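**Q** In full-length UniProt numbering, the protein residues as written are 1 to 630. Positions of the beta carbon are idealized from the N, C-alpha and C atoms, including for glycine. Here the structure is a predicted model, which means the values were calculated and not measured.
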């Protein structure tokens with residue numbers, strides 16, 4: 001979830017409010033380190049308000065009566081405005097414009113510098129040509145259920161990141177309230193001692209930090225130790241892949257070296273990857289709970305992922321499905337992750353949780369009771385269960401895990417399920433048992449394996465998919481976003497694993513016909529396989545649909561072998577599938593964006609234009625994304 005532009009270049013440039021015709025190439029910019037704090041004005045500010053503003057006069061006046069003295073007077077007038085007004089003006093400008101504004105005077109500098117350092121985002125994928133989508137210079141976050149916009153500053157290169165570290169001091173660093181490291185430039189080496197020391201000093205001076213997001217692999221726990229005011233931190237989203245930093249931590253009560261890692265006001269805690277149950281307990285005990293029992297009451301969002309998010313379970317090999325139903329099997333701590341998490345750690349009852357995401361956990365039916373007793377499921381607004389393996393235990397007569405918890409989910413609006421079972425599939429019945437028909441987002445992965453022998457019979461297979469369609473149709477009055485895919489496990493891929501391949505809904509079912517009742521859908525993600533016509537008819541019957549995501553080996557139709565053979569261009573992949581995008585656009589002219597596998601097209605009337613660099617923004621709109629959990 002984020003965007004960045006360089007501190008010393010016009011990356012992320014938005015149109016200059018002082019001169020709407022001016023392009024970023026026609027202006028110059030300097031690094032923050034090169035801007036003297038108390039310097040005299042290098043230039044006066046031209047018109048900064050709208051033509052009809054009382055602060056402005058007519059256009060003809062400026063074109064015929066402007067003099068150097070007039071510009072100096074107008075600059076002086078801006079400096080005389082209250083500090084709050086000047087800060088509000090700076091908050092509405094891009095980073096590039098603010099860097100220019102810093103050079104006006106010491107007074108203007110004091111009301112502008114905070115906007116530049118308020119929210120720092122590091123992302124090498126930032127592209128200034130796509131800043132109207134994912135990479136805007138403002139970020140919208142939710143506070144008390146209301147959207148709040150905050151200005152942000154982007155860094156997208158190793159040079160700019162180093163200059164940023166070199167230019168920061170105790171004063172400027174203390175202005176940072178949010179720090180997001182989404183994608184560090186590849187050329188950076190955080191094992192470099194000088195760079196490491198600079199990062200330590202950066203964290204040491206971030207005394208107002210409230211949100212820390214670090215999604216790269218090389219986060220170090222010592223950065224957290226350096227934070228001076230940990231009670232202000234409300235959000236921790238961390239990638240602790242270098243888990244050797246936790247190797248010496250004791251599970252209980254907490255390690256001596258972690259006494260300083262107390263964040264009493266945490267409301268959003270997201271960790272990846274925890275790798276195994278014992279490490280999960282150490283993470284919860286030392287980073288989340290530590291010596292603060294009130295965290296369990298304060299927590300609003302909890303996201304725990306066994307693997308890194310980019311290591312999707314949709315494409316990886318899985319343990320053999322026969323292991324899920326081994327007779328007489330007794331589960332150990334490594335299998336019952338729910339019990340380990342809530343009974344083996346110092347985490348107490350989560351009474352105020354609204355968003356819960358658990359990735360790649362193992363569960364058993366009897367753990368449902370532990371889950372119900374550990375989380376206030378009635379308060380959950382968002383539930384994500386991805387890559388869940390449900391084991392059947394010996395003579396257990398419990399209902400499947402999902403069916404046990406269904407009746408307690410009375411407030412659920414956003415649901416993502418990737419639930420793997422043997423013999424049965426309880427997901428359709430789970431959807432039918434949800435007590436409230438409030439779902440707005442639904443992301444489903446159907447997992448078929450050889451233990452489900454009913455899929456080998458035509459009639460029973462048709463009933464199986466019809467059950468899914470009927471269950472989804474229950475939310476026809478509320479559902480606005482639907483993602484659906486089928487995964488087939490090839491049995492006996494090797495001795496211990498199944499190969500996991502993408503399939504599609506069989507042609508002899510009425511699955512897509514039944515989905516036509518979802519008339520409130522705005523976003524749809526589906527793999528049509530051979531059923532292009534059925535999916536096209538579905539798209540035609542959805543009057544509010546604006547975003548369509550078509551994926552799979554046959555999503556692009558028959559390949560055009562004439563493209564890319566002599567003079568390949570950057571948009572060759574788009575040209576190869578544009579005829580498919582045009583097909584769906586003809587069925588529904590109201591579509592605004594269409595993605596065929598990885599190629600995104602923006603619709604402009606009857607025409608389509610290839611778009612590059614907005615994949616993450618598109619993913620966040622089409623599926624339940626990490627940005628919605630943060």
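In chain order, which alpha helix (DSSP H) runs of at least 4 residues are fully inside the region 139-215?
**A** If we require 4 residues or more, the alpha helix (DSSP H) runs fully inside the region 139-215 come out as 158-167, 170-173, 193-205.
**Q** Quick one: residues in its chain with C-beta nearer than 8 Å to the C-beta of residue 300, no 5 flanking neighbours on either side, listed in chain order?
**A** 267, 268, 352, 353, 354, 355
**Q** Look at residue 109 and residue 102 and say whether their C-beta atoms are less than 8 Å apart.
**A** yes
**Q** Nearest to residue 338 by CA position, among 278, 214, 149, is which residue?
**A** 278
**Q** Please report the straight-line C-alpha distance between residue 187 and residue 218, rounded to a whole angstrom.
**A** Here the alpha carbon of residue 187 sits roughly 13 Å from the alpha carbon of residue 218.
**Q** Between residue 389 and residue 426, is the Cβ-Cβ spacing less than 8 Å?
**A** no
**Q** Report the rounded CA-to-CA distance for residue 582 versus residue 514, giving the unit in angstroms.
**A** 24 Å
**Q** Since residue 86 is in the alpha helix (DSSP H), which residue starts that stretch and which ends it?
**A** 83-91
**Q** Check whether the region 588-602 touches the region 542-551, taking contact to mean three or more Cβ pairs, one atom from each stretch, closer than 8 Å.
**A** With a cut-off of 8 Å, the region 542-551 and the region 588-602 count as touching, because enough Cβ pairs lie within range.
**Q** Any idea if residue 139 is buried or exposed, counting beta-carbon neighbours within 10 angstroms, 16 or more meaning buried?
**A** buried
**Q** In the DSSP assignment, find the alpha helix (DSSP H) that holds residue 95 and state where it starts and stops.
**A** 95-102
**Q** For residue 127, I'd like the list of residues in its chain whose CB is within less than 6 Å of its CB, leaving aside the five on either flank, ordered along the chain.
**A** 613
**Q** Alpha carbon to alpha carbon, how far is residue 573 from residue 375?
**A** 47 Å
**Q** Give the secondary structure of residue 445 by DSSP, where H, G and I count as helix, E and B as strand, and everything else as coil.
**A** strand
**Q** Under 8 Å Cβ to Cβ from residue 208, same chain only, skipping five residues before and after it: list those, please.
**A** Once the five neighbours on either side are set aside, the close Cβ partners of residue 208 are 174, 175, 176, 177, 229, 232.
**Q** Ordered along the chain, which non-local residues of its own chain (more than five positions away) have a Cβ less than 8 Å from that of residue 540?
**A** 587, 588
**Q** Among the candidates 136, 272, 452, whose CA atom is the shortest distance from the CA of residue 302?
**A** 272
**Q** Under DSSP, the alpha helix (DSSP H) around residue 109 begins and ends at which residues?
**A** 106-117
**Q** So, is residue 656 buried or exposed, given that buried needs 16 or more other C-beta atoms within 10 angstroms?
**A** Any answer about residue 656 is impossible in this case: the structure gives the chain only from 1 up to 630.
**Q** Return the chain-ordered list of same chain residues with a C-beta closer than 6 Å to the C-beta of residue 420, the five sequence neighbours on each side being excluded.
**A** Result list for residue 420: 389, 447, in chain order.
**Q** Assign residue 533 to one of two classes, buried (16 or more other C-beta atoms within 10 Å of its C-beta) or exposed (fewer than that).
**A** exposed
**Q** Compute the Euclidean distance between the alpha carbons of residue 211 and residue 308, then round it to the nearest angstrom.
**A** 20 Å
**Q** Name the two residues that bound the continuous alpha helix (DSSP H) containing residue 428.
**A** 427-433
**Q** Taking only three categories from DSSP, how would you classify residue 465?
**A** It is helical.
**Q** Assuming contact is defined by CB atoms lying nearer than 8 Å, are residue 520 and residue 478 in contact in what I supplied?
**A** yes
**Q** Check whether the Cβ atoms of residue 526 and residue 575 lie closer than 8 Å to each other.
**A** no
**Q** CB-CB under 6 Å to residue 481, same chain, minus the five flanking residues each way: which ones, in chain order?
**A** 441, 523
**Q** Check residue 587 in the structure and name its three-state DSSP category.
**A** helix
**Q** Taking the Cβ atom as the reference point for each residue, do residue 417 and residue 444 lie within a distance shorter than 8 Å?
**A** yes
**Q** Curious, which full-length beta strand (DSSP E) runs of at least 3 residues does the region 336-402 contain?
**A** 355-359, 382-390
**Q** Spatial neighbours of residue 150 within its chain, please: CB distance less than 6 Å, with the 5 preceding and 5 following residues excluded, ordered by chain position.
**A** 119, 139
**Q** Tell me whether the beta-carbon of residue 649 lies closer than 8 Å to the beta-carbon of residue 552.
**A** Since the first residue of the chain shown is 1 and the last is 630, residue 649 is not available in this structure.
**Q** For residue 526, list the residues DSSP reports as bridge partners.
**A** 550
**Q** Determine whether the beta carbon atoms of residue 365 and residue 398 lie at a separation below 8 Å.
**A** yes
**Q** Which first and last residues belong to the beta strand (DSSP E) in which residue 242 is found?
**A** Neither: residue 242 is in no beta strand (DSSP E) and is coded neither H nor E.
**Q** Counting C-beta neighbours from all protein chains within 10 Å, is the total for residue 242 16 or more, i.e. buried, or is it exposed?
**A** exposed
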